[in-house]
Amino acid sequence: MFSNKHKEMHSQITREFRPRLNVIKDKNGNALTDQEKIGERWAEYCREMYDSSKIISPQMSPNEEDDLPPLKSEVEWAIRQLPSGKSAGVDNIQIYAEMIKVSGDSGVELYHKLCLKIWETEQWPEEWRKSVFVTLPKKGDLQQCPKYRTIALISHASKILLKIIMKRLENTISREANETQAGFRPNRGARDQIMNLRNMIEKTRETNTEMYMCFIDYTKAFDRVSHNKLLNDLKTFKVHCVLCT
């Protein structure tokens, strides 16, 4: 079995070089070479992909466990969990995870007060709402926007509260998730569903019955998730509204 470092080395060695093209096609297939036009096309593509104009914030019944403001121990844990060596977001001052980690107790105190203020006011800092989109080429015609994967570089400071929120959501969702769900759950994965399929196939052979299987691969599945549906599901789980704003 390869370790993570071995896998990373293998990925670097076998990765195909894909030069970035200075040409992008618009919706009608016309080639764009002007950098300003290319930027406008990317902005249009991202707006369509991440359209949030219809997102609403439902009123939620508070969950007493989630209603607690962030604890100092949670902030300390979140800072330790910040990944190192990552690019900074759009902070006016380039704040990296390494800088936050070496800030010690004073940094924990500072970010704890900041998290408490955000929690009480339910207002996300304006700078934390901004992100820098970076496009990574995939396979196929690289003149088409959908042939790129987009990632967002966000403020490292915002990741502290985001990690606290994510951890609390994980605790809630793990209790509510269906027992048959294997994806996106700790200590479970595709191997569990493969085993389930094998068991079902064996049963059909034993009983001499037909079995039909269908694998659905959604295009841009994560990008096209309905945020309204997610918010309504969280409402069903009685997740505190601050975690969803």
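The sequence shown lines up with residues 45 to 289 when you count with our numbering. Beta carbons: idealized from backbone N, C-alpha and C, even for Gly. Bear in mind that the values here come from a model prediction, so they are computed numbers and not experimental data.
> With distances taken between CB atoms, is the gap from V119 to Y155 smaller than 8 Å?
Replying inline: yes
>> Suppose you measure from the CA of M255 to the CA of M239; what does that come to, to the nearest Å?
In response: Taking the straight line joining both Cα atoms gives about 16 Å.
>> Looking at the strands, I want to know which residues DSSP matches up with Y192.
In response: In the DSSP output, where bridge partners are listed per residue, Y192 has P181.
>> If we require 3 or more residues per run, which beta strand (DSSP E) segments fall completely within the stretch 188-260?
In response: 192-197
> From which residue to which residue does the alpha helix (DSSP H) around Q79 run?
Replying inline: Q79 to M93
>> I'd like the list of long-range same chain contacts for V67, defined as Cβ closer than 6 Å, with 5 residues on each side in sequence excluded.
In response: A75, T77 and Q187
>> I'd like to check one pair, A141 with K157: are the Cβ atoms closer than 8 Å?
In response: no
> Three or more beta-carbon pairs under 8 Å between the stretch 221-240 and the stretch 159-167, yes or no?
Replying inline: no
>> Which of the three DSSP states is assigned to L126 in this structure?
In response: Correct three-state label for L126: coil.
> Grouping DSSP H, G and I as helix and E and B as strand, with all else coil, what is K279?
Replying inline: helix
>> Alpha carbons only, please: which of I195, D185 and I204 is nearest the one belonging to A122?
In response: I204
>> The alpha helix (DSSP H) that contains Y155, what's its start and end?
In response: Looking at the DSSP string, the run of the alpha helix (DSSP H) that includes Y155 is G148 to T165.
> Residues bridged to K69 by DSSP?
Replying inline: A75
>> Tell me the DSSP secondary structure of V134 in three-state form.
In response: In the three-state reduction of the DSSP assignment, V134 falls in the coil class.
>> Does V176 come out as helix, strand or coil in the three-state DSSP assignment?
In response: strand
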